[in-house]
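Asker:
Residue numbers (the working numbering): 17 to 202.
This is the structure in structure tokens:
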């Protein structure tokens with residue numbers, strides 16, 4: 017038995033799934049006043065600031081989008097295996113939908129910049145239930161040992177279109193947002 021078997025296949029719950037076109041996500045850029053579930057201008061329409069998906073832990077390919085306005089508060093079982101995906105300050109983020117401190121839906125949370133002396137260090141999300149904050153890159157909490165599970169996001173060219181590589185420096189080509197659970201190391 018080996019502790020490090022580099023030839024093992026990833027768990028089926030760790031595969032990438034498509035989360036929609038990048039243009040279907042409003043870019044939340046107002047600081048500290050916009051909750052993720054607010055309806056915001058997006059292209060020529062108005063859309064929720066985030067998308068919520070139920071992603072079964074054993075098969076990510078079965079991910080289903082859930083309307084963030086229909087999320088019930090305070091029922092941890094309902095938030096299990098859910099991820100909230102959004103665009104903040106031009107960057108796509110995906111985190112567990114449930115606050116690790118109080119099991120409150122983070123689609124009702126507010127994104128903000130983490131700054132030190134006016135220098136932007138990272139981005140965070142504030143849970144409105146008890147005003148706890150979490151780093152969107154590392155998942156660290158502003159207090160206690162609670163840690164938010166952060167998911168990986170990736171922008172890919174839409175199949176069947178001309179386009180450059182993966183990432184945000186590929187011009188104005190149509191992109192699709194892909195999400196997966198962060199891989200465990202070791």
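Every residue, glycine too, gets a C-beta built ideally from N, C-alpha and C.
So the beta strand (DSSP E) residue 66 belongs to, where does it begin and stop?
Answerer: Its beta strand (DSSP E) spans residues 66-70.
Asker: Within 8 Å, do at least three Cβ pairs link the region 159-171 to the region 110-125?
Answerer: yes
Asker: Would residue 65 and residue 108 be called neighbours here (beta carbons separated by less than 8 Å)?
Answerer: no
Asker: Is residue 51 helix, strand or coil when you go by DSSP?
Answerer: coil
Asker: Taking the DSSP output, what are the residues bridged to residue 197?
Answerer: 167
Asker: Can you say whether residue 132 is buried or exposed, counting buried as having 16 or more other CB atoms within 10 angstroms of its CB?
Answerer: exposed
Asker: Tell me whether residue 76 is buried or exposed, calling it buried when 16 or more other Cβ atoms sit within 10 Å of its Cβ.
Answerer: buried
Asker: Taking its Cβ as the centre, do 16 or more other Cβ atoms sit within 10 Å of residue 181, making it buried, or is it exposed?
Answerer: Its pLDDT being 45, under 50, residue 181 is placed unreliably in this model, and the coordinates cannot settle the point.
Asker: Note down the Cα distance separating residue 136 from residue 44, rounded to an integer number of angstroms.
Answerer: 16 Å
Asker: Count the other C-beta atoms from every protein chain shown that fall within 10 angstroms of the C-beta of residue 61, then say buried if there are 16 or more, exposed otherwise.
Answerer: Residue environment: residue 61 is assigned as exposed (fewer than 16 neighbouring CB atoms within 10 Å of its CB, all protein chains considered).
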